[in-house]
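*Asks:*
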Ligand SMILES: O=C(O)c1ccccc1NCC(=O)[C@H](O)[C@H](O)COP(=O)(O)O
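In this note's numbering, the protein residues as written are 7 to 262.
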C-alpha cells in the first residue's frame, strides 16, 4: 500500500511537471522568503508541542471532515497553541493539494509541513515554492541514497525534514543521514495497524539533540500524556483535531 501511495504521488507530480517544469518551480522556490526554522519552533520545552494536521480523509479511515477552508482551520490551530501545521497535500486518498498548503501558508505565522509521499526532488521544490518550511521524508518509502539526496536538498532550500520511521532499522537510517527532527509513526503505512507503544520502544534510541516526534493514534489528552511520558517533544495529531473542536481539543492536549 505504501508503494501504491508513493507511485500515485509520483504520477501526479509528473503530471504537474508537464505543466510547470522543474526550472520554473525551482525559480519559484528560490524566490520565496526564507523558511521558518522549524528546529527552533519545535525545540524541546517544558511542555509538549503539537503539530496540528489539516486532514480531510485517509486510506485507513475514509472521509473525516469536509474542511472547506483549510486556512481558517489552520488559523484556529494557531490560536489554539499549535507549534506547527501539517498539511496533507496528497490528492488521491487524502483529498489534499498544494493549494491547501499555500492557503495555510498565507494564513499563519507557524512553520508549515508538506505531508505527502515525497520521492522526487521536484516535490521538494514544489513544497518550498508553495511556502512549506518542512517536508516529510518517509524512510520506508526511500532507499538510503534517495533519502540522503532529498534530505540534503531540503536543507539546501533552508527547510527542515521531518524524517519518519516505523522500526529500529528505519530509525538508525534516519540518524545516519543526520536528521534533527525524527518522527515515529504509530501507523504502519502498509497495513494501517496502529501501535501506540512503538514510540516508547524507539524513543530511548534517539539521541539527545534530536527532536522526537510521536505521530498518529492520538484520540485523547491521555494519549498525548502517554507519548509525553515516553519522551515525546512533539506530538503530531490529525483525526482528533479535524473531527472535534480544534481550539478546545488543542487546549486539552496542551494541558497535559
Ligand atoms: O492516516 C492514514 O490512514 C494513513 C495511511 C497511509 C499512509 C499515511 C496515513 N496517514 C498519514 C499520517 O501519518 C497521519 O495523518 C498523521 O500522523 C496523523 O494521524 P492521526 O492523528 O492518527 O490522524
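For glycine and all other residues, C-beta sits at the position ideal for the given N, C-alpha and C.
Quick caveat, the model's predicted, so the values are computed rather than measured.
Taking only three categories from DSSP, how would you classify residue 160?
*Replies:* Secondary structure of residue 160 (DSSP, three-state): helix.
*Asks:* Per DSSP, what are the beta-bridge partners of residue 218 in this structure?
*Replies:* Bridge partners of residue 218: 188.
*Asks:* For residue 29, count neighbouring C-beta atoms within 10 Å of its own C-beta (all shown protein chains included) and say buried if the count is 16 or more, exposed if not.
*Replies:* exposed
*Asks:* Is residue 120 helix, strand or coil by DSSP?
*Replies:* strand
*Asks:* Give me the Cβ distance between residue 134 and residue 163, rounded to the nearest whole Å; I'm assuming they're in contact under 8 angstroms.
*Replies:* 5 angstroms
*Asks:* Are the beta-carbon atoms belonging to residue 209 and residue 230 less than 9 angstroms from one another?
*Replies:* no
*Asks:* Measure the alpha-carbon distance for residue 205 versus residue 31 and round it to whole angstroms.
*Replies:* 36 angstroms
*Asks:* Look up residue 89 in the DSSP assignment and say whether it is helix, strand or coil.
*Replies:* coil
*Asks:* Can you name, in chain order, every residue of its own chain whose Cβ lies under 6 angstroms from the Cβ of residue 221, other than the five neighbours on each side?
*Replies:* Cβ neighbours of residue 221 beyond the five flanking positions: 189, 191, 242.
*Asks:* Less than 8 angstroms between C-beta atoms, sequence neighbours within five positions excluded: which residues of the same chain meet that for residue 157?
*Replies:* 143, 167, 169, 183, 184, 185
*Asks:* Please work out which residues of its chain come closer than 8 angstroms, Cβ to Cβ, to residue 199, disregarding the five sequence neighbours upstream and downstream, and give them in chain order.
*Replies:* 193
*Asks:* For residue 139, I'd like the list of residues in its chain whose CB is within less than 7 angstroms of its CB, leaving aside the five on either flank, ordered along the chain.
*Replies:* 41, 42, 44, 117, 118, 165, 166
*Asks:* State the CB to CB distance for the pair residue 58 and residue 256, rounded to an integer number of angstroms; the pair is presumed to be in contact (CB under 8 angstroms).
*Replies:* 7 angstroms
*Asks:* Over the uninterrupted alpha helix (DSSP H) stretch that includes residue 39, give me the two end residues.
*Replies:* No alpha helix (DSSP H) contains residue 39, which DSSP labels as neither H nor E.
*Asks:* From what residue to what residue does the alpha helix (DSSP H) around residue 166 run?
*Replies:* That residue, residue 166, is in no alpha helix (DSSP H); its beta strand (DSSP E) goes 166-171.
*Asks:* Residue 130 bridges to which residues according to DSSP?
*Replies:* Partner residues in a beta bridge of residue 130, as assigned by DSSP, do not exist.
*Asks:* My guess is that residue 60 and residue 92 are in contact by the Cβ rule of under 8 angstroms, so how many angstroms apart are they, rounded?
*Replies:* 7 angstroms
*Asks:* What does a CB cutoff of less than 7 angstroms around residue 245 pick up in its chain, not counting 5 residues either side in sequence?
*Replies:* 61, 67, 70
*Asks:* Taking the DSSP output, what are the residues bridged to residue 54?
*Replies:* Residue 54 is not bridged to any residue.
*Asks:* Quick check: does the Cβ of residue 173 come within less than 8 angstroms of any heavy atom belonging to ligand 1?
*Replies:* no
*Asks:* If I measure Cβ to Cβ from residue 247 and keep anything under 6 angstroms in the same chain, skipping five residues before and after, which residues do I get?
*Replies:* 58, 255
*Asks:* With C-beta atoms as the reference, is residue 113 less than 9 angstroms away from residue 48?
*Replies:* For residue 113 and residue 48, no; Cβs fall outside 9 angstroms.
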